[in-house]
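Residue numbers (full-length UniProt numbering), protein chains in the order written: chain P, 1 to 131; chain D, 1 to 131. Glycine included, each C-beta is placed from N, C-alpha and C at the ideal position. Notes for the one structure printed next.
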DNA sequence: ATCGTATTACGATGATTGTCAAACTACGAT
DNA sequence: ATCGTAGTTTGACAATCATCGTAATACGAT
């Protein structure tokens, strides 16, 4: 199982927790960091597969690697190599099984909080992403 | 504002963020700790107002105080004094406005993960707390 | 083989965090 | 006024964490 068939194997190995091993604590901890939350937001923002470098994060390369690893080990993203680039993708489905609605709620909350900067919570919140 | 009318005033003051000031990062960070998550789960588990001591946490008094403060300063719980006891209550509505569905998703995920201990993720998850 | 690009690995460092014990404060009851 | 209960504050400690720079690795192109 999980033969990684079709994926261009490049020799490097990346450890991922299985869907059933994803821990709530780890996920919350991973999402609690502004930079990591930003990465997740960008990943969910249309571009599903992105190389690390494409994020233009305000940190050094090694710090960037660190954050991606935390996300991967928490089970939030799946990574694979493509040439020298490492692509990242949200594990949306696995997360939905283990913690239904959580990722969506976090992303939605981040979007709501973003609106704060301009229109500081005077209005009762426009209820983004309503059902 | 916030006259705390009707509440037995006891001289001590507790700082709470306003609903509009609740930060996603702080909430996620607060919930990422097992002990704090346990507190939140117990609070949501029927008993809405509980004295700190009623939780029987596996930590010292000072550590307990610390965790309750983190939860309070993140905006997750509201606390008030009643005699020598300090009561805690989930700020469910404030949280719902700022991050709709988040608290519920976290609690639900924790419940799902709990079932792991016995029935380790072989089944496709019984979808706890359905709509 | 060599070079450039993308990323990792290896310390190192300063900040935060979870934990505790001991001393202290606030309140209710005696 | 005294005592017990409930919680706070302070200071300390070890562990974790985010951050960096530098050296090393893997891969594609030349």
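Q.
Taking the straight line between their C-alpha atoms, what separation do you get for residue 38 of chain P and residue 21 of chain P?
A. 24 Å
Near residue 79 of chain D, what residues of its chain come up, given a Cβ to Cβ distance below 6 Å and the 5 sequence neighbours on each side ignored? 14, 72, 86 and 88
If we ignore side chains and look at the alpha-carbon of each, how far apart do residue 123 of chain D and residue 19 of chain P end up? Confidence is the limiting factor: at residue 123 of chain D the pLDDT is only 47, short of 50, which leaves the residue's position unreliable, though a coordinate-based value still follows. So the alpha carbons of these two residues sit roughly 12 Å apart.
Item to check | Cα-Cα separation, residue 68 of chain D to residue 64 of chain P | outcome: 32 Å
Using a beta-carbon distance cut-off of less than 7 Å, what residues from the region 80-101 of chain P approach chain D?
97, 98, 99, 100 and 101
* Identify which residue in D/53, D/90 and D/26 has its Cα closest to the Cα of residue 84 of chain D. => D/53
Only counting the same chain, and skipping five residues up and downstream in sequence, which positions put a Cβ closer than 6 Å to that of residue 130 of chain P?
Low confidence applies to residue 130 of chain P: its pLDDT is 40, below 50, so where it sits in the model is not reliable, and the reading given next is rough at best. Around residue 130 of chain P: no qualifying Cβ.
Burial state of residue 94 of chain P, where buried means 16 or more other Cβ atoms lie within 10 Å
buried
- request: Consult DSSP for residue 13 of chain P and reduce its assignment to one of helix, strand or coil.
  value: coil
Measuring straight from C-alpha to C-alpha, what distance separates residue 36 of chain D and residue 76 of chain D?
10 Å
Open item on the list: Please determine whether the Cβ atom of residue 67 of chain D lies at a distance below 8 Å from any heavy atom of the ligand ATP.
Closed with: No copy of the ligand ATP occurs in the structure displayed, which carries no ligand at all.
TODO: Go ahead and pull the three-state DSSP assignment for residue 112 of chain P.
DONE: helix
- With burial defined as no fewer than 16 other Cβ atoms inside 10 Å of the residue's Cβ, what is the status of residue 59 of chain P: buried or exposed? exposed
Where residue 31 of chain P meets chain D, residues with beta-carbon distance less than 7 Å = 28
**Message:** According to DSSP, residue 82 of chain D sits in a beta bridge with which residue or residues?
**Reply:** D/85
What residue does the alpha helix (DSSP H) around residue 39 of chain P start on, and which one ends it? 34-44
Next item on the list: Name the two residues that bound the continuous alpha helix (DSSP H) containing residue 25 of chain P.
Entry: 24-31
* Roughly how many angstroms separate the alpha carbons of residue 30 of chain D and residue 82 of chain P, rounded to a whole number? -> 37 Å
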